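Take a look at the structure below.
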Amino acid sequence: MTRALLAGVVGVVLLVTGLAGCGIPGSTGVEVERRVSSAEAGTSSGRSQEPPTRAASGSDAEEFVRNFLAAAAGEPDRAYYRVKQFIAPEDRSELQEKQGSEVALTVVRLTEAPVITPDVESTKVTIAVQQIGVLRTNGTLAPPVATETKYQFGLRSAATGGQGNVEDAGLFVTAPPNVLLLSHVALQEYYEPASVYFWSSDRNRLVPDQRYLPLTVPDERQVTEVVRWLINGPSDWLRPAVSGLPDRTEMINNATGGDGRWEVNLTMPGDDERRLDQFATQLAWSLPELDGELELKVQNQSRTVVNLREQRLKHPLYPLIGNPQRYCVYDGAVHPLAFAGEPGGTVPVAPEANRNVVSAGFSRAAGGVLAALVVAGADGRQRLTVGTGTDPVTAFRSSSWYAAIGRPVWLRSADTGRPYGLVVADRRLHRFGDDATLTPVTLNVTGQVTAVAAALDGTRIAMIVGGALYVAAVTVDGGGVTLGPARRLATSLTGLSAVDWAGEDSLVLAGSADRPGIHQVSVDGAREFEVRGDVGAKVTHLSAFPVNPVVQQPSGAVMYEANGVAYRSPAERIKREQVLEVTPPPAGVRPGNPTAPFFLY
Amino acid sequence: MVTSPTPHADPAVSRRRHAGRELCRAVVGRSARLVAGLHQTWRRSLQVRVVTITLVASSLLVGGFAYVIANKITDILLTNAVTDTRLRITSGADYAAKQVYLFSQPQEAQLQDTIEGTVNYLAGGDPQQTSGVVVAITADNYTDIIETRSSPVLDVRPLISRELRASVADGNVAWQIRTGRLTGERAKYLVYGSPVPTRFGQVELYYFVPLSRQDATAADARATVVATGVALVLLLGLLAALVTRLVVTPVRVAARTAQRLSAGLLDQRMVVNGEDDLALLAASFNQMATNLQRQILRLEEMSRLQRRFTSDVSHELRTPLTTVRMAADLIFAERDDFDPAVARSAELLQAELDRFEELLTDLLEISRFDAGFAMLDAEPTDLVPVVHRVADRLAGLAERVGVAIELDVPATSVIAEVDPRRVERVLRNLVGNAVEHGEGKPVRITLGVDDTAVAVTVRDHGVGLKPGEEKLVFNRFWRADPSRARQTGGTGLGLSISLEDARLHGGWLEAWGAPGQGAQFRLTLPARAGDRLTTSPLRLVPADAALPFGGPRAGGLLAIGPGPGGALAVGPAGAGEKAEARS
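Sequences listed follow chains E and B, in order.
Position 495 (the first sequence) corresponds to 495 in the UniProt record's numbering; numbering is contiguous.
Position 374 (the second sequence) corresponds to 374 in the UniProt record's numbering; numbering is contiguous.
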């Protein structure tokens, strides 16, 4: 009995403990599933170009100042950190840090070399600057906020109390300015300009928007940055004329990929196939260096896979047909110009209208030509005659008379029904349509308008108002032409006289530095270089065929007129022999000069 | 304030201690009784045994099965969770690797944002809808640069054990179950870690999957299994009880019936129900009982017929014998007138007729005992005159064979409730036998008495009895030496009848003898009729007898030791020498 009882007790105990023990354990040992190939310390892809550190310049004050003005370059998150490395520890608190998207770099152009005045205690540095703009975290260069024209700060040796090598210890900035300064040289050196494209308000054209990508951003993150830019919307001055992505569009984490395939994951409310395709086109043009496939996911669902190269071929940026043709005004009539290697054209205007012409602006539109001619009357007053139709245009309408009318420009709109153009008449900006009625256009800046130029996309214009250069966005709607807020561009030129678009994001600008010259200026004014420094006289006409990815630019894409003589860039004089369809002048009569050259495209 | 301990035990405490001891004792006693009761029940009840064994065996079996099943269910649940998480963490690690691959320096500003975005993405956003799964990314190699991020934001570090951390840091995909507190209450978590390769080294991705659902399911399954198991065990126990009851009840009935049969109620039978094995048992039992009853009745009948025959023969012989006797008496009376040879024949005839008559009388007496017709006619009797009378009556015979009869009787009268006729017959038989086998040596008759019994011993010093003959002497017609001529006219039934007489009194008749030392017979009778004898006032073995091992010293106590043949010899009444005369 005892044995049976014992067995029973043991059984019950086993049962209870066993069943209690066969639940999910509270803690187990570590179970190794498999081994993952160990991480390889990959190399960063080349472009990493950090601005020099404080110690790089040694005790060379000039180089140190140059480096200090480049210190903020790079990714904005650590800009304050980098700049503060240059600042003496005791003065670092004077630079008040901003966070996140408020970090902005004040981009300045040094108008003179820095003035470095050595002193007993510390060296004094004065830099004279021109405010160019504010580089924001989204890569745009916004109009300048600060108005300072000079900054002052001190330098001291980093070697304190005689410790260490004075040469090696380098310098420190004392009493720093309370902004992150970035010289325009550093902007060119440590940033890569890039264009991202937004759809115009009518969603027919892509409008480029200028951005700056720090060179420290590796290639792999380029897609991510571009998508972020697109999501964050266009620059302020473009905003009235372009449409961004739908509100509350967000990118889910980073865009990933490489080796010809990328993946972008978005939350996009109200997306449809057309919108996605447009977004893909935007991306394809905004990432011109990438040729592979791009997968677009919305809320983790794969929606479309596009080949970036094919997408670019399928959706060209601009509806340009053929090469641009050069024309000029010769003896009061528009004549084509012929240069070696370029096909000569014919005048797309009926000869009856082609008389007493001062200047002209042509534009190709679907199925025809838009022609606007400034015609001088007998009393020296001028009026605008406008004609549209198939080549040659015969029907023209005329405006009323004005004292002076500048070169008319056509806005390239997808809406072929009602073409619009802009013209400066009597120092005011007017719009005109095919009925040749000039209607003043309101500007948000005051001043006399001297020149206007329209970009290839037909949405952006550049103009010279009150001697300063402005860009603005234009909206063409049923009622007419509306200008967005004009954004002033800083330039080193003064006495501006003429402007035209030299590329998607650059302008050619005539004015005078010391002498009259022609400069090319980026659309935000940050980059500026000389096209021709010595024109010799004030440039009165300036016309360019803008660089674009669709049609290759011919050589000498800038033509101008100075002192009544037309030139082809850089300094080739346009001769009478190059003017076609000209009857040779009777002997003894001094032949006229070709003037007011322009392009038809 | 300090209370000093009381120097003397508080009476209340002592009372309490006492009461406690009482209680303890009571409990111990009660439990001991309970154990004893259980033990008795266990021994007595086949049903209890079978049910207990069934319960224990089925408990073990069902418990084993339950363990296996519950274990299997838990295993499956756990394996599912692990597989699920493995798939999730594999894709999660791929995703995280792609995301982090964009960064070549741990210091890069957007890395932290990317890690946060990645864990949020992997956790699926709303923690309410992700069944409590927590995703975290740690960077053990860059703890001061990269912060640990988790979604939802919780302190997950305590849940990652050092071993797991080391294993994952070593480049292993590994998991562990840990109990800890992440969101509110403590729960079990499956902690799954995978390294995420980056261009600057490695970060670690962890998934914390709460196992509460699996735990609850396992507990449910376990409860179900246990409930089923318990129910099954109870059912088996019930079944065993029922089946045993089915078997045990008829067995008990059979036992009871057998008991009644053995008690003489030969007409007791079992009830036969159905045609099963138990019915067969009952039928066989009944058959056996019937056969036994028939056999017993037949034997009784035969025995009765035999006794009747003996009695009838004795009676039938008596009548012609009477006639023959009368004729023989006549011839014997006239023998002097006959030829001496004829006269001798007449004397022989007379003597043999006497023996014949005696034999018949004894046979009748024996048959009366056998038939159970012997009746005790007990009355208070003084045994001293009886002894004297017997001695006187046999004095002639003793004188003839030269044997002196010595009497050792108390001076006072010895009163006992006996049948004087039968006692006298017994004594006559014993003394006659002693005189006959006395070989000329004196025969001593001793009468002893105590509170409960009276005893008479008859001692002779003849050839004695061989070992084993103490019992045989009481057999009917037994002779120590069949070839020896009978000097006296003993019938061979005297001692048998004496034994029956002693039994009728509820007394003992025993013999002792040893070769060459003579023999002694003892008759012990209760002083009051119907009393039960326990001792005898006289010794069976005479004091002058030489004991096999030398005997006790004179006047000393008897030694108890091993006797011949392994028997225990205890004087004066050696167990092996005591005649079986108790009724």
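Note that the Cβ used here is the ideal one computed from N, Cα and C, for glycine as well.
For clarity, every value in this text was computed on a predicted model and none was experimentally measured.
- Secondary structure note for D354 of chain B: its alpha helix (DSSP H) is the uninterrupted segment 340-370.
- Flagged as an interface residue toward chain E: D215 of chain B, by a C-beta distance shorter than 8 Å.
- Looking at the backbone, the Cα of N286 of chain B and that of M270 of chain B are separated by about 6 Å.
- Residue contact with chain E for P537 of chain B: absent (no Cβ-Cβ distance below 8 Å to any residue of chain E).
- Think of a sphere of 9 Å around the beta carbon of P526 of chain B: no beta carbon from chain E falls inside it, the nearest being about 47 Å out.
- Within chain E, not a single residue places a beta-carbon under 7 Å from that of S150 of chain B; the smallest gap is close to 16 Å.
- Proximity of G367 of chain E to chain B, defined by a Cβ-Cβ separation below 8 Å, is not satisfied.
- At the C-beta level, V62 of chain B and G237 of chain B stay beyond 8 Å of one another.
- If you draw a straight line from the Cα of G492 of chain B to the Cα of N433 of chain B, it comes to about 10 Å.
- Contact annotation for R88 of chain B against chain E: no contact, minimum CB-CB distance about 13 Å [criterion: below 9 Å].
- Taking 8 Å as the upper bound for CB-CB distance, L438 of chain E and V452 of chain E are not in contact here, some 13 Å apart.
- CA-CA distance, E293 of chain E to Y197 of chain E, rounds to 19 Å.
- Taken through DSSP and simplified to helix, strand or coil, D435 of chain E comes out as coil.
- The DSSP assignment places no complete run of the alpha helix (DSSP H) inside the region 15-78 of chain B (cut-off: 4 residues).
- The three-state reading of DSSP puts D382 of chain B in strand, counting E and B together.
- Using a CB distance cut-off of 8 Å, P195 of chain B counts as an interface residue toward chain E.
- Contact between L469 of chain E and V499 of chain E holds, since their C-beta atoms are separated by about 6 Å, short of 8 Å.
- It is roughly 35 Å from the alpha-carbon of G458 of chain E to the alpha-carbon of E148 of chain E.
- For P118 of chain E, the nearest beta carbon of chain B is not closer than 8 Å to its own beta carbon.
- Of the other Cβ atoms in all chains shown, fewer than 16 fall within 10 Å of the Cβ of C24 of chain B; this residue is therefore exposed.
- Going by beta carbons, E75 of chain E and P214 of chain E fall inside the 8 Å limit.
- Contact annotation, V521 of chain E with L489 of chain E: C-beta distance approximately 6 Å; criterion of less than 8 Å satisfied.
- With respect to the C-alpha of L525 of chain B, the residue from B:A519, B:L533, B:G518 having the closest C-alpha is B:L533.
- Here the C-alpha atom of R309 of chain E lies approximately 30 Å from the C-alpha atom of P343 of chain E.
- A buried status is given to F103 of chain B, since no fewer than 16 other beta-carbon atoms sit within 10 Å of its beta-carbon.
- Taking CB atoms only, Y142 of chain B has no neighbour in chain E less than 8 Å away.
- For V226 of chain E, no chain B residue has a Cβ inside 8 Å of its Cβ, as the nearest lies near 13 Å away.
- Closer than 8 Å to the CB of I231 of chain E there is not a single CB belonging to chain B.
- Separation of S212 of chain B and T198 of chain B (C-alpha to C-alpha, rounded to the nearest whole angstrom) is 34 Å.
- The beta-carbon of S27 of chain E is placed less than 8 Å from the nearest beta-carbon of chain B.
- With respect to the C-alpha of R88 of chain B, the residue from B:G193, B:L234, B:D75, B:V313 having the closest C-alpha is B:G193.
- Taking the Cα positions, H184 of chain E is about 36 Å away from G201 of chain B.
- The C-beta separation of V369 of chain E from N356 of chain E comes to about 20 Å, leaving the pair out of contact by the 8 Å criterion.
- Burial check for L245 of chain E: the Cβ neighbour count within 10 Å reaches 16 or more, so the residue is buried.
- Inter-residue distance for F356 of chain B and M375 of chain B is about 25 Å (C-alpha atoms, whole angstroms).
- Secondary structure of Y121 of chain B (DSSP, three-state): helix.
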